[in-house]
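K.L.:
One structure, as structure tokens, below. Some questions next.
2 protein chains.
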Amino acid sequence: MTEHIVSSFDADLKDLGRKVVEMGGQAERLVADSVAALVKRDAELAQKVIVLDGPVDLLQREIEEKAILTIARRQPLANDLREIVAAMRVANDLERIGDLAKNTAKRVLALTGEFHPQKLVRGVEHMSGLVLEQLKEVLDAYASRNDAAAVEVWKRDGDVDVLYTSLFRELLTYMMEDPRNISLCTHLLFCAKNIERIGDHATNIAETLHYLVTGQILADERPKHDTSSLTSVAFPS
Amino acid sequence: MTEHIVSSFDADLKDLGRKVVEMGGQAERLVADSVAALVKRDAELAQKVIVLDGPVDLLQREIEEKAILTIARRQPLANDLREIVAAMRVANDLERIGDLAKNTAKRVLALTGEFHPQKLVRGVEHMSGLVLEQLKEVLDAYASRNDAAAVEVWKRDGDVDVLYTSLFRELLTYMMEDPRNISLCTHLLFCAKNIERIGDHATNIAETLHYLVTGQILADERPKHDTSSLTSVAFPS
Numbered sequence: 004m005t006e007h008i009v010s011s012f013d014a015d016l017k018d019l020g021r022k023v024v025e026m027g028g029q030a031e032r033l034v035a036d037s038v039a040a041l042v043k044r045d046a047e048l049a050q051k052v053i054v055l056d057g058p059v060d061l062l063q064r065e066i067e068e069k070a071i072l073t074i075a076r077r078q079p080l081a082n083d084l085r086e087i088v089a090a091m092r093v094a095n096d097l098e099r100i101g102d103l104a105k106n107t108a109k110r111v112l113a114l115t116g117e118f119h120p121q122k123l124v125r126g127v128e129h130m131s132g133l134v135l136e137q138l139k140e141v142l143d144a145y146a147s148r149n150d151a152a153a154v155e156v157w158k159r160d161g162d163v164d165v166l167y168t169s170l171f172r173e174l175l176t177y178m179m180e181d182p183r184n185i186s187l188c189t190h191l192l193f194c195a196k197n198i199e200r201i202g203d204h205a206t207n208i209a210e211t212l213h214y215l216v217t218g219q220i221l222a223d224e225r226p227k228h229d230t231s232s233l234t235s236v237a238f239p240s
Numbered sequence: 004m005t006e007h008i009v010s011s012f013d014a015d016l017k018d019l020g021r022k023v024v025e026m027g028g029q030a031e032r033l034v035a036d037s038v039a040a041l042v043k044r045d046a047e048l049a050q051k052v053i054v055l056d057g058p059v060d061l062l063q064r065e066i067e068e069k070a071i072l073t074i075a076r077r078q079p080l081a082n083d084l085r086e087i088v089a090a091m092r093v094a095n096d097l098e099r100i101g102d103l104a105k106n107t108a109k110r111v112l113a114l115t116g117e118f119h120p121q122k123l124v125r126g127v128e129h130m131s132g133l134v135l136e137q138l139k140e141v142l143d144a145y146a147s148r149n150d151a152a153a154v155e156v157w158k159r160d161g162d163v164d165v166l167y168t169s170l171f172r173e174l175l176t177y178m179m180e181d182p183r184n185i186s187l188c189t190h191l192l193f194c195a196k197n198i199e200r201i202g203d204h205a206t207n208i209a210e211t212l213h214y215l216v217t218g219q220i221l222a223d224e225r226p227k228h229d230t231s232s233l234t235s236v237a238f239p240s
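First to last, the sequence lines map onto chains A and B.
Counting with the working numbering, you get residues 4 to 240 for the letters of the first sequence.
Counting with the working numbering, you get residues 4 to 240 for the letters of the second sequence.
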């Protein structure tokens, strides 16, 4: 293989990595803005999130195409192949994170003008703070190929699930206390679920990074603490 | 290229296609069983769905690995490359369909023993009938490379969204009528959302098949009629 081919292959890899990091920054911003829009009932910001999810989807397609063509053209060996597959997987998770932020933003538009006791939103805000931290850390870890940091994020996946389960109960309780809360709390439940799933995708990214750096697969089953789908709240007597 | 290499490449492609069809059958079964478990409140069947999602996840990994290795080893040209990329994309959608069925099954376990007026489940049952039909048709279309059938499925995506939006309103109304319905209806809302998303994945598969057969991309934005995230039900006075 000539020097020329090797270095243009390296350029392909670098370009892929750069696109993923760029996409990560965009997805992170969508998540932060969608939650800010929810907390501040900011319809304009919500609209912006909905529009800006488009470029994130486009980037995912670009990354997938570039990855496939690079594999087909360069026949990369194991290490480089891992690098390319990891880029595709991370882009896939980021695309879904963007979609989830968009869904939250759409619900903000549905809630405009509704009675909206700030208390009800607190739990969602708190949970999304934690998830955003996880997402930021794992994206930094990806950019710097820091496996230890990724494993830390991965271990903390359970924290979000525990928070989500208790938030699920809390929101159900608000609904039972006052039926006027039902419409709002239903949307908040879906927002909370969106955020919990964003946390899952952050965990996926941690797993992908670990595989990229070490060639090993983190435990096949991550620690799962989200039991909300198993939650049943009795009607208060 | 020798006859030998060509035919073992064909064998790779056929094997990939066969695995995707197998995975499709498994995912379809999980969806049907999860809904049956919900309607009949069958905890045993729900458990089975949860367990049998594991093999679906494994198949997805196998397909991805095989696809990547085939691309790297064979340097396929455009048509064959499309075939391989399509297999990866469809497997990705099927994996998510399996997850969504599993999530519905988990909610069945949460609801065991609860007061459960059969009326409330009717809407979810009806909607999932439609989605299962869509899924079955698109999987048959994939197996027989029938683009026209795939486009038909794609065009009907809006039907599921319309149904989901009206179901969303209906379930919210039941909650407001009687707070004892809140816990059940909340889980049903998530089940309905799972099923609606399964419909989205069926539509994705139709898009992938169209791209595989024609090399063209179906309209970048599919017709979107799910406005439930924009739905706000006023408290009945």
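Backbone N, C-alpha and C fix where the C-beta goes; we use that ideal spot for every residue, glycine too.
This one's a predicted model, so the numbers in the text were calculated from it and none came from an experiment.
Cβ of THR217(A) within 8 Å of Cβ of VAL156(A)?
P.N.:
Contact flag unset, no.
K.L.:
Would you say VAL236(A) reaches chain B, if we count a Cβ-Cβ gap shorter than 8 Å as a contact?
P.N.:
Confidence in VAL236(A) is poor, its pLDDT being 46 and thus under 50, which makes the residue's placement unreliable; the coordinate value appears in the next sentence. So, interface residue.
K.L.:
Going along the chain, which residues of the region 164-187 of chain B sit with their C-beta nearer than 7 Å to a C-beta in chain A?
P.N.:
The residues in question are LEU175, MET178, MET179, PRO182, ARG183, ILE185 and SER186.
K.L.:
Does the structure place the region 28-44 of chain A close enough to the region 56-72 of chain B that three or more beta carbon pairs sit under 8 Å?
P.N.:
With the cut-off at 8 Å, the region 56-72 of chain B and the region 28-44 of chain A do not touch.
K.L.:
Should VAL52(B) and LYS17(B) be called a contact, given that it needs their Cβ atoms to be closer than 8 Å?
P.N.:
Their beta carbons are not under 8 Å apart, which means VAL52(B) does not touch LYS17(B) by this criterion.
K.L.:
Just checking: is the beta-carbon of THR189(B) within a distance shorter than 8 Å of some beta-carbon in chain A?
P.N.:
Yes, THR189(B) lies at the interface with chain A (some Cβ there is under 8 Å from its Cβ).
K.L.:
Which same chain residues, not among the five before or five after CYS188(A), have their C-beta less than 7 Å away from its C-beta?
P.N.:
Closer than 7 Å at Cβ, skipping near neighbours: LEU123, LEU174, TYR177 and MET178.
K.L.:
Using alpha carbons as the reference points, say which of ILE87(B), ARG183(B), VAL24(B) and ALA94(B) lies closest to PRO120(B).
P.N.:
The candidate whose alpha carbon is nearest that of PRO120(B) is ARG183(B).
K.L.:
What are the residues in the region 98-131 of chain A lying within 7 Å of chain B by C-beta distance?
P.N.:
If the cut-off is 7 Å between Cβ atoms, the region 98-131 of chain A has ASN106, LYS109, ARG110, LEU112, ALA113, LEU114 and GLU117 near chain B.
K.L.:
Answer with buried or exposed for THR73(A), where buried requires no fewer than 16 other C-beta atoms within 10 angstroms of its C-beta.
P.N.:
Classification of THR73(A): buried, given that the 10 Å Cβ count is 16 or more.
K.L.:
Residue ranges of each alpha helix (DSSP H) run of no fewer than 4 residues wholly in the region 135-189 of chain B, ordered along the chain?
P.N.:
The qualifying runs are 150-158 and 160-180.
K.L.:
Between the beta-carbon of ALA153(B) and the beta-carbon of LEU212(B), is there less than 8 Å?
P.N.:
It is a contact, given that the beta carbons lie within the stated cut-off.
K.L.:
For ALA151(A) and chain B, any beta-carbon pair shorter than 8 Å?
P.N.:
With 8 Å as the cut-off, ALA151(A) does not count as an interface residue toward chain B.
K.L.:
Residues in the same chain with beta-carbon distance under 7 Å from ALA108(A), minus the five sequence neighbours each way, listed in chain order, please.
P.N.:
SER37, ALA40, ALA49, VAL52 and ILE53, listed in sequence order.
K.L.:
How about GLN63(B): is its C-beta nearer than 8 Å to some C-beta of chain A?
P.N.:
No - not a single Cβ of chain A is within 8 Å of the one on GLN63(B).
K.L.:
Does ARG92(A) come out as helix, strand or coil in the three-state DSSP assignment?
P.N.:
Helix at ARG92(A).
K.L.:
Could you tell me which chain B residues have their CB closer than 8 Å to the CB of ILE74(A), listed as they occur along the chain?
P.N.:
The answer, in chain order, is ILE71, ILE74 and ALA75.
K.L.:
State the DSSP-derived secondary structure class of ARG21(B), mapped to helix, strand or coil.
P.N.:
Of the three classes helix, strand and coil, the one that applies to ARG21(B) here is helix, per DSSP.
K.L.:
Taking buried to mean at least 16 other C-beta atoms within 10 Å of its own C-beta, is GLY101(B) buried or exposed?
P.N.:
When all chains shown are included, GLY101(B) counts as buried.
K.L.:
Kindly provide the ranges of any alpha helix (DSSP H) runs that are 4 or more residues long and lie completely inside the region 7-80 of chain A, ordered along the chain.
P.N.:
Those alpha helix (DSSP H) runs which fall completely within the region 7-80 of chain A and span 4+ residues are 46-77.
K.L.:
Whole angstroms are fine: how far does the CA of GLU67(A) sit from the CA of ALA94(A)?
P.N.:
Distance between the alpha carbons of ALA94(A) and GLU67(A) is about 8 Å.
K.L.:
Rounded to the nearest angstrom, what separates ILE208(B) and LEU133(A) at their Cα positions?
P.N.:
Approximately 34 Å between the Cα atoms of the pair.
K.L.:
Compute the Euclidean distance between the alpha carbons of ASP13(B) and ILE71(B), then round it to the nearest angstrom.
P.N.:
The alpha-carbon atoms of ASP13(B) and ILE71(B) are separated by roughly 15 Å.
K.L.:
Run down chain A in chain order and give the residues with a C-beta less than 7 Å from the C-beta of LEU19(B).
P.N.:
Chain A residues near LEU19(B): none, gap ~14 Å exceeds 7 Å.
K.L.:
Just how far apart, CA to CA, sit ILE87(A) and GLY27(A)?
P.N.:
The straight-line gap from Cα to Cα measures roughly 16 Å.
K.L.:
Compare the C-beta of PRO58(B) with all C-beta atoms of chain A and state if any pair is closer than 8 Å.
P.N.:
With 8 Å as the cut-off, PRO58(B) does not count as an interface residue toward chain A.
K.L.:
Who are the neighbours of LEU55(A) on chain B, taking C-beta pairs under 9 Å?
P.N.:
Simply none; closest approach about 15 Å.
K.L.:
Give the secondary structure of ILE220(A) by DSSP, where H, G and I count as helix, E and B as strand, and everything else as coil.
P.N.:
In the structure shown, ILE220(A) sits in coil (DSSP, three-state: anything other than H, G, I, E or B).
K.L.:
Anything in the region 80-92 of chain A with a Cβ closer than 7 Å to a Cβ of chain B? List those residues in chain order, please.
P.N.:
Cβ contacts with chain B come from LEU84 and VAL88.
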